[in-house]
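If you're matching positions, the sequence shown starts at 34 in the working numbering and goes up one per residue.
No residue lacks a Cβ here, since even glycine has one placed at the ideal position from N, Cα and C.
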Amino acid sequence: MLVITNDDVRRVTDISRLGQVLQQAYLSWLPDKVAIQPRFRTEVDGFKLVSMGAVLKDIGYAGCKIYSSYENKLCFKILLFSTSTGQALALLDSDALTPMRTAASSLLVARRYAQPSSHSLGVIGLGPLGIEHIRQFIKAFPISRVLVCDPKVSSAYLDAELKEKGIRVHQVEAEKLVRSSQIIVTATRSTTPVLQSSWVQDGTFVAAIGSCLAHAQELDPHLIDRAQKIVVEWPEQTLKDTGDLYLYADKKALLSKIEAMTQTLQENGSAYDPKNIVIYKAVGIALADIAAASLVYEQHKLSFTVER
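Below, the structure written as structure tokens:
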């Protein structure tokens, strides 16, 4: 069994292929082809152990993602199996892979619903998730300006990284960021909204990807009111795992806006409408983790063969 480290993941992962693999996994989601285990939490005295799994018959892999959460620190692992032999293939560090698959999933939805000519990206929260969204989105859209908001993190290191690409980084207050951005990413663990509906312009795409807890809220409920569509990875899990949706009062109205990613990805091309606000609300599901891990495993094997 291979052991694949975070450094290995960073070295071998082809981000463009990652999006393709994730899309293939979502489109293969049929009852006799894919089975998914929802997130399951076990907790004692502040220590949380979380697990979720998936069997992806079409791509030939199954696996379980397990992670610990203690004192605001997370440690992610994925155990990958072959569905043809039942053998354990690899144990992967997933601290680096989790932000990669999260941003790649957001990008699949943004390509469908964000303005194709978007030049301004706003990111609230500069942890690993926020940073990875910036890296992937500036390659997919003609972004010339990145606005960031995180009072705990300096954007100085981002300035150096993006200056070579001709992209300006501005650290601003949340309101200015939201009012000035065509694509907005919220990547926080906030329990209260980090943006107000009145700041958001029509035609904006919002990827709210920061938390998978039922008491956490990044979005103003009035923004949910205004949204024409809310795309989620898996309604069964997302509606329970994020306070933005779980705590929303009008469940009937909410359900009328929900679109599963399997539906989003059935259609090709842009469906951008300048009158519509579209929200992508993600909590992370095992289908994406195992599909991403399968790609890393295959690319790691290939790189090892080439090096030999």
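Find the nearest neighbour of Ala325 within the set Leu112, Asp65, Tyr305, judged by alpha-carbon distance.
As a working note, residue 325 is residue 292 in the sequence shown. Here the closest residue by C-alpha is Leu112.
Since I believe Gln70 is in contact with Gly86 (beta carbons under 8 Å), could you give me their beta-carbon distance rounded to a whole number of angstroms?
On the sequence shown, residue 86 is found 53 positions in, with the first residue counted as 1. On the sequence shown, residue 70 is found 37 positions in, with the first residue counted as 1. At roughly 4 Å, the Cβ-Cβ gap stays under 8 Å, so Gly86 and Gln70 are in contact.
Quick one: grab the DSSP three-state call for Arg222.
The sequence position of residue 222 within the sequence shown is 189, counting from 1. In this structure, Arg222 counts as coil in the three-state DSSP scheme.
For Asp126, which of helix, strand or coil comes out of DSSP?
Translated into the one-based positions of the sequence shown, residue 126 becomes position 93. Residue state, collapsed to three classes: strand.
DSSP three-state label for Val311, please.
As a working mapping, residue 311 is identified with position 278 in the sequence shown. Looking at Val311 - three-state DSSP - the assignment turns out to be strand.
Counting beta carbon pairs with one atom in the segment 259-276 and one in the segment 310-327, are three or more of them shorter than 8 Å?
yes
Under 7 Å between C-beta atoms of Val233 and Leu210:
As a working mapping, residue 233 is identified with position 200 in the sequence shown. As a working mapping, residue 210 is identified with position 177 in the sequence shown. No. Outside cutoff.
Per the contact definition of three or more C-beta pairs closer than 8 Å, is the segment 295-314 in contact with the segment 130-149?
yes
Would the beta-carbon of Arg222 fall within 7 Å of that of Ser244?
Position 189 of the sequence shown, counted from the first residue, corresponds to residue 222. Position 211 of the sequence shown, counted from the first residue, corresponds to residue 244. Yes.
Once you ignore the five residues that flank Lys66 on each side, which residues in its own chain have a CB closer than 7 Å to its CB?
What you label residue 66 is simply residue 33 of the sequence shown in a count that begins at 1. So the list reads Lys90, Asp91, once near-sequence residues are dropped.
Using a Cβ-Cβ cut-off of 6 Å (strictly less than) and excluding sequence neighbours within five positions of Trp62, which residues of its own chain qualify?
Locating residue 62 in the sequence shown gives position 29, counting from the first residue. Result list for Trp62: Thr295, in chain order.
Straight-line CA distance for Thr131 to Val42?
For this step, residue 131 is matched to residue 98 along the sequence shown. For this step, residue 42 is matched to residue 9 along the sequence shown. If you take the alpha carbons of Thr131 and Val42, they lie about 10 Å apart.
Measure the alpha-carbon distance for Leu288 versus Leu141 and round it to whole angstroms.
Counting from 1 along the sequence shown, the entry for residue 288 is found at position 255. Counting from 1 along the sequence shown, the entry for residue 141 is found at position 108. Going by the C-alpha atoms only, they are around 22 Å apart.
For the alpha helix (DSSP H) that Gly163 lies in, which residues bound it at each end?
Taking the sequence shown and counting its residues from 1, the one referred to as residue 163 is at position 130. It spans 161-173 - the alpha helix (DSSP H) in which Gly163 sits, taken as one unbroken run.
Quick check on DSSP: helix, strand or coil for Leu140?
The residue given as residue 140 occupies position 107 in the sequence shown. DSSP places Leu140 in helix when its eight states are reduced to three.
Could you tell me which residues DSSP pairs with Ser153 in its beta bridges?
As a first step, residue 153 is located in the sequence shown; it is residue number 120 there, counting from the start. In the DSSP output, where bridge partners are listed per residue, Ser153 has Arg178.
Between the Cα of Ala247 and those of Ala241, Glu269, His152, Leu280, spot the shortest distance and give me the residue it belongs to.
Residue numbering aside, residue 247 sits at position 214 when the sequence shown is read from its first letter. Ranking Ala241, Glu269, His152, Leu280 by Cα distance to Ala247 puts Leu280 first.
Considering only the alpha carbon of each residue, which of Leu180, Thr219, Gln215 lies closest to Val202?
Against the sequence shown, residue 202 aligns to sequence position 169. Selected option, being the one with the closest Cα: Leu180.
Quickly, what does DSSP pair Cys97 with across the bridge? List them, please.
Position 64 of the sequence shown, counted from the start, is the residue given in the question as residue 97. Its beta-bridge partners are Gly86, Leu112.
In chain order, each beta strand (DSSP E) run of at least 3 residues that lies wholly inside the segment 242-310:
262-265, 291-293
Range of the contiguous alpha helix (DSSP H) that encloses Lys200
Position 167 of the sequence shown, counted from the first residue, corresponds to residue 200. A small correction: the amino acid at residue 200 is Ile; Lys does not occupy that position in the sequence shown. Element bounds for Ile200: n/a, residue is neither H nor E.
Using only the alpha-carbon positions, how far apart do Arg178 and Ala189 sit?
What you label residue 178 is simply residue 145 of the sequence shown in a count that begins at 1. What you label residue 189 is simply residue 156 of the sequence shown in a count that begins at 1. Near 15 Å, if we compare the C-alpha coordinates of Ala189 and Arg178.
Can you give me the Cβ contacts of Lys308 inside the same chain, cut-off strictly under 6 Å, excluding the 5 residues immediately before and after it?
Your numbering for residue 308 matches position 275 in the sequence shown. Asp235.
Classify Phe80: buried if its beta carbon has 16 or more other beta carbons within 10 angstroms, exposed otherwise.
For the purposes of this step, residue 80 is identified with residue 47 of the sequence shown, where counting begins at 1. Exposed: under 16 other Cβ atoms inside 10 Å.
Taking Pro161 as the reference, which of Pro175, His152, Ser127, Phe174 has the closest Cα?
Position 128 of the sequence shown, counting from 1, holds the residue named residue 161. Pro161 has its Cα closest to that of Ser127, out of Pro175, His152, Ser127, Phe174.
I'd like to know whether the C-beta atoms of Thr237 and Val227 end up nearer to each other than 7 Å.
As a working mapping, residue 237 is identified with position 204 in the sequence shown. As a working mapping, residue 227 is identified with position 194 in the sequence shown. Not closer than 7 Å, so no.
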